[in-house]
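Each residue of the sequence shown is one higher than the one before, starting from 1 at the first, in the UniProt record's numbering. No residue lacks a Cβ here, since even glycine has one placed at the ideal position from N, Cα and C.
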Amino acid sequence: MGYADFYCEIDVIGNGAYGQCMLVQEIATGKKYVAKKIHTLGLSKEEVERSKLESDLLKQLRHPHIVSYKDSYFEGHKVIIIMEYCESGDLAKLIKKHADTMMKFTEPQVLVMLSQLVSALEFVHSRKILHRDIKTSNIFLSADGSLKLGDFGISKVLNSSVDLAYTLVGTPLNMSPELCNHQPYATKSDVWALGCVFYEICALKPPFASLGLLSLVNKITKESPEPLPDCYSENLKELIYSMLIKDADARMSTKELASDPVFADFLFNPMQSIESNIPNFRDSCLNPLELCNPETALPTLNAFEGENADELSVGEEFVESSASDVDDTDIPQDERSNDDENVVIESNSGPNILSPIKKTGKSYKPETQFLETKKNDAHSKFPKAIFRDIYEFIKQQRMLKIYEDIIFSTLIEKYTHYSVKDFLLVDQIIYHEENL
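Now the structure itself:
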């Protein structure tokens, strides 16, 4: 007997590049679950194994603040994972709701959420697993308003607790400096990502954001985020800043976070019942004037109904670069001129794709110079035939809305002599051609 014999599908929760999430109902009990359906046709062997890995990982992770696993099915060209349904949506939607109404979370709220996720992540790391994609849309809200860490599809099981992973996977908005610099990383990269999440909870916006990938890398590796709002205590702000230290060796571990006195009163034994430790915040009502006063505001999580939020479009961009490689000529979109009649660009089809851009007698704009420089760089790096293959492949995959980590992983397997940074150069050319 298979998946359809035990579950009936109710609705589509979300769609991705290689599958979808369905709200399903167990026929025998009437209980609702989420079925994550991953289509394996056209995926590489590594990607299929990654889908199966998620199923195996979830079996190990039994914790009140981790989305629980129920079952899995491998049918034809599909992997179907049955997991807990968190009916109140995800943290991304909750933050957006607060940002739209300009209602900040109270400090007790932040401390409760932080304690829950630190407890979950410490448990994950104790099992020698890296999550590698911690972000607000992968953190879900249960019926009682508590948080649950989910989506372990790109996790890595470590052979020892000090192993370092070299594969670059994750959401760039929350990528750590060591990942941006193509350095090995371990559990401290998850801590950085969690710090980004809690900065966003407090500030109602990400600590690092940019219109361009290279400028985003530059911010992550070289700049400090804006100060957190004054309504939060210095102890809480320093704790979050300590998770965003650029030197991974100096960054706090989950074990150190768990022992920090700032939220010691909120931590609990994860083996105890969740109901006995987590207050029911669901029906609480907040006074907007008291939201930033930790002495008078109630520690409500203010959960709400809703489907899982869509993935952040900028968050799904994938990048590998060194801070030293950031080009200051990467011009934000809103600062670019639209006087395209002043520039003549050779067609990007046919054999002249690598040809330098020719100038007319008119003004020659910086974005055109940037594109010419990148084309010249590509001309010196790639044989013309290989460049064309890579160029056409990336452009086709982008039209299909395939994530960059998947695109670059496929290219690395085929062109072993080149790095992600080389492929990013081609990607930049495509981007600037489309935006001139």
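For residue j and residue i, the rounded distance between their alpha carbons
| i | j | result |
| --- | --- | --- |
| S176 | S242 | 13 Å |
| D11 | K384 | 48 Å |
| W192 | D5 | 43 Å |
| T106 | N138 | 22 Å |
| L149 | A143 | 14 Å |
| S119 | L61 | 12 Å |
| K31 | K421 | 47 Å |
| A248 | Q183 | 10 Å |
| I134 | V24 | 25 Å |
| T29 | I13 | 21 Å |
| D246 | E256 | The amino acid at residue 246 is misidentified as Asp; the sequence shows Lys. Approximately 17 Å between the Cα atoms of the pair. |
| N218 | A209 | 10 Å |
| V48 | K59 | 18 Å |
| R50 | F152 | 10 Å |
| K104 | E372 | 46 Å |
| F423 | M399 | 17 Å |
| Y73 | N15 | 19 Å |
| V124 | L130 | 7 Å |
| Y415 | P108 | 51 Å |
| G145 | E392 | 47 Å |
| E238 | E9 | 46 Å |
| H379 | S419 | 16 Å |
| E223 | S115 | 27 Å |
Contact check, residue i vs residue j, beta carbons under 8 Å
| i | j | result |
| --- | --- | --- |
| C196 | T221 | no |
| I430 | K374 | no |
| I82 | D90 | no |
| T187 | S253 | yes |
| H63 | L117 | no |
| V262 | L236 | yes |
| residue 438 | D377 | Shown here, the chain extends from 1 to 436; a query on residue 438 therefore has no answer. |
| V110 | C86 | no |
| I95 | I240 | no |
| D190 | R132 | yes |
| L214 | H98 | no |
| L173 | P206 | yes |
| Q20 | K45 | no |
| H77 | L53 | no |
| I7 | A35 | The displayed chain sequence assigns Tyr, not Ile, to residue 7. Going by C-beta atoms, Y7 is nearer than 8 Å to A35. |
| L141 | S88 | yes |
| Q397 | I386 | no |
| L121 | L216 | no |
Counted within 10 angstroms of its Cβ, other Cβ atoms place residue i as buried (16 or more) or exposed
| i | result |
| --- | --- |
| C285 | Residue placement at C285 cannot be trusted, given a pLDDT of 31 that sits under 50; what the coordinates show is reported in the next sentence. So C285 counts as exposed. |
| I80 | buried |
| D230 | exposed |
| L244 | buried |
| D100 | exposed |
| M22 | buried |
| I27 | exposed |
| S126 | exposed |
| E84 | buried |
| T368 | buried |
| M1 | exposed |
| M102 | exposed |
| N113 | A small correction: the amino acid at residue 113 is Met; Asn does not occupy that position in the sequence shown. Buried. |
| E178 | buried |
Proximity winner among the options, relative to residue i (alpha-carbon distances)
| i | options | result |
| --- | --- | --- |
| Y3 | I13, I386, D151, Y33 | Y33 |
| R388 | P207, K421, S419, D427 | D427 |
| Y232 | S419, I129, F198, H379 | F198 |
| residue 437 | E372, K381, H432 | Given a span of 1 to 436 for the chain in the structure shown, any question on residue 437 remains unanswerable. |
| E75 | Y391, M103, E49, H39 | H39 |
| I390 | P108, G145, E413, E372 | E413 |
| H432 | G212, M399, S419 | G212 |
| F370 | N435, S419, E238, L130 | N435 |
| K93 | H379, D56, T136 | T136 |
Residue i: CB within 7 Å of a non-hydrogen atom of the ligand PLP
| i | result |
| --- | --- |
| P64 | Judged by which ligands are present, the structure shown has none, so any question about the ligand PLP falls away. |
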